[in-house]
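Engineer: In our numbering, the protein residues as written are 9 to 654.
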DNA sequence: GTGGCGTCC
DNA sequence: CAGAGGGACGCCACT
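#1: Check whether the region 277-284 and the region 120-135 are in contact - that is, three or more C-beta pairs closer than 8 Å.
#2: Work out the CA separation of residue 581 and residue 592 for me, nearest whole Å.
#3: Are at least three pairs of beta-carbons, each pair with one atom in the region 136-143 and one in the region 217-230, less than 8 Å apart?
#4: Does the separation of the CB atoms of residue 575 and residue 496 fall below 8 Å?
#5: Beta-carbon within less than 7 Å of residue 303's beta-carbon, same chain only, minus the 5 sequence neighbours each way: which residues are those?
#6: Give me the Cβ distance between residue 206 and residue 187, rounded to the nearest whole Å; I'm assuming they're in contact under 8 Å.
#7: From 310, 270, 565, 408, pick the residue whose C-alpha is nearest to that of residue 364; which is it?
#8: Expressed to the nearest angstrom, what Euclidean distance is found between the alpha-carbon atoms of residue 261 and residue 147?
#9: Pull up the distance between the alpha-carbon of residue 259 and that of residue 413, whole angstroms please.
#10: Please name the residue, chosen from 471, 475, 628, 284, that lies closest to residue 155 on a Cα-to-Cα basis.
#11: Cβ of residue 414 within 7 Å of any heavy atom in the ligand GTP?
#12: Report the residue from 184, 115, 222, 309 whose alpha carbon sits nearest the alpha carbon of residue 208.
#13: Closer than 8 Å is the cut-off here; do at least three beta carbon pairs connect the region 240-252 with the region 115-126?
#14: Please list the terminal residues of the continuous beta strand (DSSP E) segment that includes residue 148.
#15: Where does residue 229 fall in DSSP's three states?
#16: Tell me whether residue 356 sits in a helix, a strand or coil according to DSSP, three-state version.
#17: Kindly indicate which three-state DSSP category residue 117 falls into: helix, strand or coil?
#18: Taking its Cβ as the centre, do 16 or more other Cβ atoms sit within 10 Å of residue 3, making it buried, or is it exposed?
#19: Could you tell me the distance, in whole angstroms, from the CA atom of residue 189 to the CA atom of residue 215?
#20: So is residue 700 buried or exposed if we call it buried at 16+ other beta carbons inside 10 Å?
#21: Please check the pair residue 221 and residue 198, which I expect to be a contact at CB under 8 Å, by giving their CB distance rounded to whole angstroms.
#22: Can you say whether residue 246 is buried or exposed, counting buried as having 16 or more other CB atoms within 10 angstroms of its CB?
#23: Let me know the secondary structure DSSP gives residue 214 once reduced to three states.
#24: When the Cα atoms are used, what is the spatial distance from residue 510 to residue 502?
#25: Could you please give the first and the last residue of the uninterrupted alpha helix (DSSP H) stretch that includes residue 586?
#26: Mind the definition here: the region 456-475 touches the region 312-328 only if three or more C-beta pairs lie below 8 Å; say whether that holds.
#27: Would you mind giving the Cβ-Cβ distance between residue 555 and residue 584, rounded to the nearest angstrom? I have them listed as a contact below 8 Å.
#28: Would the beta-carbon of residue 452 fall within 8 Å of that of residue 435?
#29: Are residue 219 and residue 309 closer than 8 Å when you measure CB to CB?
#30: To which residues does DSSP link residue 252 through a beta bridge?
#31: Assuming residue 276 and residue 165 are in contact, meaning their beta carbons sit under 8 Å apart, how far apart are those beta carbons, in whole angstroms?
#32: Just how far apart, CA to CA, sit residue 391 and residue 467?
#33: Specify the secondary structure class of residue 602 as computed by DSSP and reduced to three states.
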């Protein structure tokens with residue numbers, strides 16, 4: 009079904025291919041129709057065209073150095089003066105919790121609603137009885153309208169002798185207009201969670217203007233964690249009341265509804281107060297920096313409601329298909345275990361690297377191919393693959409491991425994660441975890457569902473569409489290599505993309521000095537390893553290991569590559585230099601990755617930072633582009649009639 | 001909680 | 001000389 013879209017003549021290397029969809033939305037028409045670009049889906053197709061890409065680039069240029077100028081600076085190596093920026097310091101906040109209020113009467117509530125109406129940006133936080141956004145019940149709400157001026161509005165504390173509180177449904181009905189008012193700006197810490205909780209009460213939160221977690225992430229993604237307690241320590245030198253202090257820990261930990269008011273109120277009000285103070289500090293820094301401001305305002309904040317909708321919508325899986333697969337895998341694991349015990353001459357735990365080491369290397373005397381960082385003989389896949397050439401047991405272990413992994417991580421686990429309320433699986437997307445700007449996913453991680461071999465791919469088949477709907481998958485083709493072409497300005501690489509060539513074959517032809525029609529599959533495989541290796545800053549040693557060829561040969565490949573694509577080498581060198589001078593690198597759109605170890609006296613750490621420096625602009629720019637696409641696709645979906653999409 | 005391993009992009 | 005591939009998350013064994 010893959011169909012390449014028409015190239016724009018000028019910048020065709022930035023075009024994309026419509027390949028497969030994985031939008032997590034079900035469309036009421038078939039993928040073929042989308043590819044055919046019927047009037048109905050014209051808009052969705054457009055969202056992915058280079059026209060948009062060019063518009064984004066234009067936006068990235070406005071108010072800051074143009075893309076061409078950036079590329080120019082990178083290739084000339086004459087970058088901006090080295091980081092003159094004095095080390096940014098943050099003043100300690102003095103926080104007095106005694107001024108916080110607890111709202112228990114209608115009169116107090118009205119007074120605070122007035123305050124909210126008169127405040128430009130209100131700090132807002134919900135307290136609930138669960139961290140699971142699909143199950144969390146609202147226990148209370150806190151606000152701050154100025155530093156130190158905060159209140160807690162308890163709604164559902166139900167411990168013995170809890171004070172009488174305002175009725176939750178009444179309060180939510182009263183607050184709904186403010187919560188859904190896009191003009192009433194809110195700041196919060198991880199507002200996606202609050203928005204998801206409120207959605208359970210049929211409130212579509214609007215005015216999600218600032219999120220301190222994301223402010224911190226955009227300001228410096230690698231400074232540390234981005235939870236509120238960490239931020240308060242880092243940017244306010246303030247130690248917040250911790251949840252454990254008031255709720256205890258372990259099995260006996262209380263939920264928020266069970267916590268007494270004199271404990272709950274200062275804790276909750278402090279959260280809102282600290283959020284507002286963090287916002288004042290962090291947003292001042294972002295506003296003073298046009299590039300970071302754009303990333304924050306145009307990419308991260310608009311993504312919040314999108315992710316919330318994706319999470320709450322969930323994905324449908326066939327528990328039956330997965331149960332069937334588990335069953336089949338169990339049978340095969342049993343066979344493999346019996347065979348392994350036979351070969352080893354004793355029973356052992358095939359899943360234990362330690363026991364396996366003892367069997368393979370001590371009892372059976374197989375050669376030690378490689379050691380783990382802690383000095384024990386490695387039994388990883390690479391090692392077992394090599395040993396499997398000469399011995400029968402490692403082959404069994406390999407198959408066992410692969411299947412055991414599929415079973416425990418996917419076929420057994422996924423069905424257990426289906427929420428009865430929706431009959432679907434609801435992941436959590438994390439927006440402030442990775443160094444480079446990518447998203448991550450947990451509980452379950454939907455970003456590592458197998459695809460590379462047939463057994464694994466069966467698991468994807470269990471992700472299904474409801475009756476009469478179709479899952480569409482869209483994927484950018486070779487996005488990181490296209491970005492490398494753009495960033496490096498390398499004529500040959502750009503040319504290859506412009507002409508719609510198979511990029512790995514084109515690389516093979518260039519490096520081997522032959523016609524592209526004479527490239528064999530082995531040559532293409534090697535070129536592919538070179539291309540990906542470059543993105544990751546791999547050395548000749550690494551390439552040799554990857555391909556199982558002598559180091560000298562790998563060295564030759566890389567030299568030939570850089571001869572053919574000199575712009576790429578220049579780009580890599582100037583990126584290293586830029587990283588070293590500035591202490592950070594940037595994506596095309598201005599996202600920044602700080603590299604504190606780029607000047608490390610430890611060569612290994614320094615080299616690691618250099619590889620990260622080379623990779624981050626490519627990986628990060630791809631993340632920027634994909635986030636932008638998610639925002640645009642969601643905006644389109646929102647315009648569709650109820651139930652037509654998703 | 002950590003180390004080893006394996007899945008994804 | 002040693003180490004030499006970017007970014008994630010989850011499972012298991014073991015301490």
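For every residue, glycine included, the Cβ atom is placed at its ideal position computed from N, Cα and C.
Structural biologist: Checking against the coordinates, here is how it stands:
#1: yes
#2: The residue given as residue 592 occupies position 584 in the first chain. The residue given as residue 581 occupies position 573 in the first chain. If you take the alpha carbons of residue 592 and residue 581, they lie about 14 Å apart.
#3: no
#4: Taking the first residue of the first chain as position 1, residue 575 is located at position 567. Taking the first residue of the first chain as position 1, residue 496 is located at position 488. Yes, Cβ-Cβ distance for residue 575 and residue 496 is below 8 Å.
#5: Walking along the first chain from the start, residue 303 turns up at place 295. Once the five neighbours on either side are set aside, the close Cβ partners of residue 303 are 226, 597, 598, 599.
#6: In the first chain, the residue the question calls residue 206 occupies position 198. In the first chain, the residue the question calls residue 187 occupies position 179. The pair is a contact, with the Cβ atoms about 6 Å apart (cut-off 8 Å).
#7: Translated into positions along the first chain, residue 364 becomes position 356. Comparing Cα positions, the closest option is 408.
#8: Counting from 1 along the first chain, the entry for residue 261 is found at position 253. Counting from 1 along the first chain, the entry for residue 147 is found at position 139. For residue 261 and residue 147, the distance between alpha carbons rounds to 16 Å.
#9: Here residue 259 refers to the residue found at position 251 when the first chain is read from its first residue. Here residue 413 refers to the residue found at position 405 when the first chain is read from its first residue. The straight-line gap from Cα to Cα measures roughly 29 Å.
#10: Here residue 155 refers to the residue found at position 147 when the first chain is read from its first residue. Among 471, 475, 628, 284, the Cα nearest to that of residue 155 belongs to 284.
#11: Judged by which ligands are present, the structure shown has none, so any question about the ligand GTP falls away.
#12: Looking up residue 208 in the first chain gives position 200. Residue 208 has its Cα closest to that of 184, out of 184, 115, 222, 309.
#13: no
#14: Looking up residue 148 in the first chain gives position 140. Element bounds for residue 148: 146-154.
#15: Taking the first chain and counting its residues from 1, one reaches residue 229 at position 221. In the structure shown, residue 229 sits in coil (DSSP, three-state: anything other than H, G, I, E or B).
#16: Translated into positions along the first chain, residue 356 becomes position 348. Reduced to three states, the DSSP call for residue 356 is coil.
#17: Working through the first chain from its first residue, we reach residue 117 at position 109. Three-state result, residue 117: helix.
#18: In the structure as shown, the chain begins at 9 and stops at 654. Residue 3 is therefore absent and cannot be evaluated.
#19: Position 181 of the first chain, counting from 1, holds the residue named residue 189. Position 207 of the first chain, counting from 1, holds the residue named residue 215. Distance between the alpha carbons of residue 189 and residue 215: 6 Å.
#20: With the chain represented from 9 up to 654, any question about residue 700 goes unanswered, as that position is not in the structure.
#21: Here residue 221 is taken as the residue at index 213 of the first chain, counted from 1. Here residue 198 is taken as the residue at index 190 of the first chain, counted from 1. That belief holds up - the Cβ atoms of residue 221 and residue 198 are roughly 5 Å apart, short of 8 Å.
#22: As a working mapping, residue 246 is identified with position 238 in the first chain. Buried, because 16 or more other Cβ atoms sit within 10 Å of the Cβ of residue 246.
#23: Within the first chain, the letter at position 206 stands for residue 214. Residue state, collapsed to three classes: coil.
#24: Looking up residue 510 in the first chain gives position 502. Looking up residue 502 in the first chain gives position 494. Using only the alpha carbons, I get a separation of about 12 Å.
#25: Walking along the first chain from the start, residue 586 turns up at place 578. 574-590 is the extent of the alpha helix (DSSP H) around residue 586.
#26: yes
#27: For the purposes of this step, residue 555 is identified with residue 547 of the first chain, where counting begins at 1. For the purposes of this step, residue 584 is identified with residue 576 of the first chain, where counting begins at 1. The Cβ separation is near 24 Å, so there is no contact.
#28: The sequence position of residue 452 within the first chain is 444, counting from 1. The sequence position of residue 435 within the first chain is 427, counting from 1. Taking 8 Å as the Cβ cut-off, residue 452 and residue 435 qualify as a contacting pair.
#29: Counting from one through the first chain, the residue named residue 219 turns up at place 211. Counting from one through the first chain, the residue named residue 309 turns up at place 301. A contact, by the Cβ cut-off of 8 Å.
#30: Here the question's residue 252 lines up with position 244 in the first chain. DSSP output for residue 252 lists no bridge partner at all.
#31: Counted from its first residue, the first chain places residue 276 at position 268. Counted from its first residue, the first chain places residue 165 at position 157. Actually they are not in contact, since the Cβ atoms of residue 276 and residue 165 sit about 11 Å apart, beyond 8 Å.
#32: Counting from 1 along the first chain, the entry for residue 391 is found at position 383. Counting from 1 along the first chain, the entry for residue 467 is found at position 459. One C-alpha to the other measures close to 27 Å.
#33: As a working mapping, residue 602 is identified with position 594 in the first chain. Three-state DSSP puts residue 602 in a strand.
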